[in-house]
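Be aware that the sequence shown starts at 1, since it is given in full-length UniProt numbering, and climbs by one per residue. Read the structure below first, then the notes.
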Amino acid sequence: MLTTAEILRKVRDLEIKSKHLASDLFSGEYHSAFKGKGMSFREVREYYPGDDVRFIDWNVSARFNHPFSKVFEEERELTVMLLVDVSASSLVGTVGGTKKNIATEIAAVLAFAAVNNGDKVGAILYSNKIEKFIPPKKGKQQALFLIRELLGMDATGRGTELKKALQYFNNTNRQKSIAFILSDFLDGGYEDALRIAGNRHDLIGLKLYDKLDQHLPDLGLVQIRDLETGGLQWIDSGSKQVRTQHEQDFFRITETANQAFKKAGSDLLHLRTDEDYMKVLRQFFLSRNR
């Protein structure tokens, strides 16, 4: 567990790094990708040639015997929620850093991108239960608080249940939000909750995985510990069949996540811990502007 001094130092380091990335690399892409997703009613005015006929207010038009149009404006304030998996499996990391470290960096960048654009940002940190709920607020101090909580978080729950996090999110966020889900998506049973959330919110999943999650090295007979259950098991990593099965399990879990997000009408990005997450995020934001 990190000391208070270590957390504060890491918060400062992350603030410098993430603020630079958020403002210099894709603050504009972030704005373009999400602004205009929500529209609010402003007024009714006389119809002008060229107005979208779908927005004619027929009740007012009938009353005055003249066509009137509803006028909408872009919602200037968005709410960004970060659903971050802090379960024991997030501590895996053989190259580039642990999944938790990468998730924390990405969360920091997204938090500062949000506050730089005047949006609210909040978070749900979860394992197989809700470890921490940070209500969405504006401002730099909110982003720093969120980072500090992530850095100092030691999950008390065992296992992972995205379903519970999504249900909590659905119950606490009635208005449409932009939600980033940072997880390795190793659990199942979250499909229905994801679909319900996807109907109301703009969901973007970031599937973080380590090289070891996909490829089991040939180390002979080894004893491994399940970080989430604590159970020990001997496996023969020298067996090609065992290594192939390990890889097939990875692709099965990945395909389950792909299909779940597809059915929810939402996006899922894939990111290995040693890859450039800024490149992946920026490409995604740019693709939304096409």
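Glycine included, C-beta positions come from ideal geometry on N, C-alpha and C.
Check: Look up V86 in the DSSP assignment and give the residues it is bridged to.; Outcome: Note: V86 sits in no beta bridge, so no partner.
Check: State the DSSP-derived secondary structure class of M278, mapped to helix, strand or coil.; Outcome: helix
Check: Quick one: complete alpha helix (DSSP H) runs, 4+ long, within the stretch 78 to 151?; Outcome: 99 to 116, 140 to 151
Check: Considering Cα atoms alone, identify which of A103, T244, A5 is closest to L212.; Outcome: T244
Check: Specify the secondary structure class of G198 as computed by DSSP and reduced to three states.; Outcome: helix
Check: If I'm right that L208 touches I56 with Cβ under 8 Å, what's the distance once you round it to whole angstroms?; Outcome: The pair is not a contact, with the Cβ atoms about 48 Å apart (cut-off 8 Å).
Check: Could you check the C-alpha separation between I196 and S287 for me, to the nearest Å?; Outcome: 24 Å
Check: With a CB to CB cut of under 6 Å and the five nearest residues on each side skipped, what residues in its chain are close to G122?; Outcome: M81, I134, P135, P136
Check: Is it the case that the stretch 185 to 201 contacts the stretch 248 to 266, given that we only count it when at least three CB pairs across the two stretches are under 8 Å?; Outcome: yes
Check: With Q233 as the anchor, note down where its beta strand (DSSP E) starts and where it stops.; Outcome: 232 to 236
Check: Beta strand (DSSP E) containing R225: first to last residue?; Outcome: 221 to 225
Check: Taking the alpha-carbon of D52 as reference, which of V71, N59, V242, R174 has the nearest alpha-carbon?; Outcome: V71
Check: Determine the burial state of N59: buried for a count of at least 16 other Cβ atoms within 10 Å of its Cβ, exposed for fewer.; Outcome: exposed
Check: My output table needs one value for A155: the three-state DSSP class, helix, strand or coil.; Outcome: coil
Check: On the three-state DSSP scale, how would you describe F261?; Outcome: helix
Check: What residue range is occupied by the uninterrupted beta strand (DSSP E) comprising S183?; Outcome: 178 to 183
Check: Just to confirm the assignment, what range does the alpha helix (DSSP H) spanning D63 have?; Outcome: It is worth fixing the name first, because residue 63 is Arg in this sequence and not Asp. Counting along the chain, the alpha helix (DSSP H) containing R63 begins and ends at 58 to 64.
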